[in-house]
Every structure is written in C-alpha cells, then in structure tokens.
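Student: Just so you know, the protein sequences line up as chains A and B, in that order. Heads up: the first sequence begins at 1 in the numbering used here, then just goes up one per residue. Heads up: the second sequence begins at 134 in the numbering used here, then just goes up one per residue. Backbone N, C-alpha and C fix where the C-beta goes; we use that ideal spot for every residue, glycine too. Once you've had a glance at the structure underneath, I'll fire off some questions.
2 protein chains.
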Amino acid sequence: MPAPSAPPGERTWSIAEVAEEFGVTHRTVRHYEELGLLTPQRRGTTRVYHRRDRTRLALVLRGRRLGFPLEEIRTIIDLYDAPRGRRSQLEYVLAQIDDRRADLEQRRRDLEAALAELDGFERRCREDLARLG
Amino acid sequence: MPAPSAPPGERTWSIAEVAEEFGVTHRTVRHYEELGLLTPQRRGTTRVYHRRDRTRLALVLRGRRLGFPLEEIRTIIDLYDAPRGRRSQLEYVLAQIDDRRADLEQRRRDLEAALAELDGFERRCREDLARLG
DNA sequence: CTTTACGTTGACGTCAACGTCAAGGACCAC
DNA sequence: GTGGTCCTTGACGTTGACGTCAACGTAAAG
Numbered sequence: 001m002p003a004p005s006a007p008p009g010e011r012t013w014s015i016a017e018v019a020e021e022f023g024v025t026h027r028t029v030r031h032y033e034e035l036g037l038l039t040p041q042r043r044g045t046t047r048v049y050h051r052r053d054r055t056r057l058a059l060v061l062r063g064r065r066l067g068f069p070l071e072e073i074r075t076i077i078d079l080y081d082a083p084r085g086r087r088s089q090l091e092y093v094l095a096q097i098d099d100r101r102a103d104l105e106q107r108r109r110d111l112e113a114a115l116a117e118l119d120g121f122e123r124r125c126r127e128d129l130a131r132l133g
Numbered sequence: 134m135p136a137p138s139a140p141p142g143e144r145t146w147s148i149a150e151v152a153e154e155f156g157v158t159h160r161t162v163r164h165y166e167e168l169g170l171l172t173p174q175r176r177g178t179t180r181v182y183h184r185r186d187r188t189r190l191a192l193v194l195r196g197r198r199l200g201f202p203l204e205e206i207r208t209i210i211d212l213y214d215a216p217r218g219r220r221s222q223l224e225y226v227l228a229q230i231d232d233r234r235a236d237l238e239q240r241r242r243d244l245e246a247a248l249a250e251l252d253g254f255e256r257r258c259r260e261d262l263a264r265l266g
C-alpha cells in the first residue's frame, strides 16, 4: 500500500516511502517522532506522512548533517511554527534567531578555517609531488 | 607546578593548564589521548604538553564544533602528519583531501541554506512586528 | 609529619541516537 | 485457508563522548 491519496487531493506517504526517499531507516523516522520532531497523521494505527512532515524531516536531516543535537533541532524548527501574534512572542522569536545566527556564524568561521587549511595543505602536497616529478 | 620549561627553552604545559585554556575538562583531554588524538610527553608519569599538542587540540575542538566524530577527526589530523615521501603516499593524501573537501563543502551548502532561511524568517518576523505598530 | 594540591590509572555510569530483535495486526495474492 | 508484505508497539543492545567516582602517588607548604 503506497499510501492513499484520499480526500483533499494531496499526496501522502507511508513510513517506508519517506525513509527510502530520505535515506534513513524507519526506526530513525520513528525515533524523530518520539522526540517530537515529526507528527504524522494516523489512518487507524498507520502513520500517514504529508508534505509538511517531509519538509520538517528535511530540516532535521540538514541540522543533523551540521552536527546539531536533535533536541536543539527541535527547538529550532518549532521556532518556525511558533505563534507570533503578540509582540512579546515576536520579540522572543527574534532573540532566538539572533542566538541561532551567532551559532551558525561561528560554525561558518570554523568551516572556512578548515577549508583554508585544507587548501594550503593540498598546495604543499602538490609541490612535493612536483619535486618528485 | 605550572610545568617545567627544562632543556630546549620551549615552554610546556600541564594537563590542568591546557584543559583550562581550551575550556574542557582534564577528563576530556585524557579521553582524546586514549583515542590517539594527543600524545603528550611524559616526565616520569606526569603528562607534559608542548606547542604541538596545543595545535592538535585546537584542531580537535574545531572538528568537534563542526560535529565530526572524534575517530574521523583523528584520521584527518593524522593526515596532516602523514609521511609524504613517496609518490603513492602523496597521491593517497591528495585523494583524502578531495574527500574531506567534498564533505566540508556539503556542510557549507547546508550552512548557507540554514542561514538564508533564518534571514528570511527574521524578515517575516520583523514585518509582523511592524504591522503590530 | 601531615595537609593540600595536583597528578595518575582503572572502571563503571550516563546520555544521545539510533540498531535490533520480538510479537503481533491488516491486507492482498493465491 | 496460507503466505507474503508492510505496518504497529515495546524493549533491550550498542556506540560515542565523555562524567564520575575510587584509590593511590608525589611534591611543595604549614
């Protein structure tokens, strides 16, 4: 059963399909649900994934590639869905955004430094190689 | 005993000093030694850290901030110290460099995407805020 | 000489992020 | 019916990266 496309015309996916598509195991998908990172619909007892779930999963996996702990990832993507009706809420969200940005920019500096070192190292290696030529 | 600066005039450090300076615990420093990331000298039974160890520790911590597993970090920084006398060795090292660069550039893409999203989200939040007067 | 500070080596504990069964329900094909 | 495929919920195992003792050595300070 490759997941029904029943009432609102919107396509949905089974757990096996999303796992396959994103290159993770169904256990991983379930784990993310346990942590509140995903909240698929249920058709009876079976999980039904919508576009929204795929979007969130993509965000989770990107955060994972960047080395963030899942708990932290949750607070971030929850931020995107947070209510922003009142001024105080908006100001809180904006403060969080600043924190996140500072973190990401530190990582960017680390990343650029690592890449620069790698470049320098490659140059030296190529010079060594040329000398052996 | 803030570590002796005995024969070659080069300053050295105790485990407490390097831990302090890099903002980690001595347990962490020992753990890194167990994994072969650091190889301090011994004066009797006591560890003595040289500039080289500090350099490596800095690399390790940067790798850690970037979310790399310690084992992977070890293979990378060992690469920097690897023998490159023979052509085959150099070619191996250059291949490894390419692998590493590909990984780092994927991370950079993820990072840029995350920052871009954050920027867009902040703009929307600021617009919401403006609408609230 | 005893205390205090810092060092050492095990060895077990913990937490995150899953892996890996086990046992069973639901539905289709034959 | 039986089998096969995909789904479910536990629940225990594992790995990485340390934390946290315990038990002990050593060397300067009182």
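When the cut-off is 8 Å and only beta carbons count, does residue 261/B lie next to chain A?
Tutor: yes
Student: Compare the C-alpha of residue 193/B against each of 122/A, 92/A, 132/A, 110/A and name the closest.
Tutor: 110/A
Student: Return no unless some Cβ of chain A is closer than 8 Å to the Cβ of residue 193/B.
Tutor: no
Student: Rounded to whole angstroms, what's the CA-CA distance from residue 34/A to residue 24/A? Just pull it up for me.
Tutor: 16 Å
Student: Cβ closer than 7 Å: which chain B residues qualify as neighbours of residue 71/A?
Tutor: What residue 71/A touches in chain B: nothing, since even the nearest Cβ is about 14 Å away.
Student: Looking at the C-beta of residue 80/A, does it have a partner C-beta in chain B at a distance below 8 Å?
Tutor: yes
Student: Residue 48/A lies in the beta strand (DSSP E); which residues open and close that run?
Tutor: 46-48
Student: Among 182/B, 170/B, 172/B, which one has its Cα closest to the Cα of residue 154/B?
Tutor: It is 182/B.
Student: Using the Cα positions of residue 3/A and residue 11/A, report the straight-line distance between them to the nearest angstrom.
Tutor: With a pLDDT of 43 at residue 3/A, under the threshold of 50, the modelled position of this residue cannot be trusted, and the question is left open.
Student: Closer than 8 Å by beta-carbon distance: list the chain A residues that pair up with residue 237/B, in chain order.
Tutor: 111, 114, 115, 118
Student: Distance, Cα to Cα, residue 41/A vs residue 15/A?
Tutor: Straight-line measurement puts the Cα of residue 15/A at about 11 Å from the Cα of residue 41/A.
Student: Verify the CB distance criterion: does residue 230/B have a CB-CB separation below 8 Å to chain A?
Tutor: yes
Student: Closest by CA to residue 218/B, which one among 126/A, 89/A, 80/A?
Tutor: 126/A
Student: In the DSSP assignment, what residue or residues form a beta bridge with residue 242/B?
Tutor: The partner list for residue 242/B (beta bridge, DSSP) is empty, contrary to what the question assumes.
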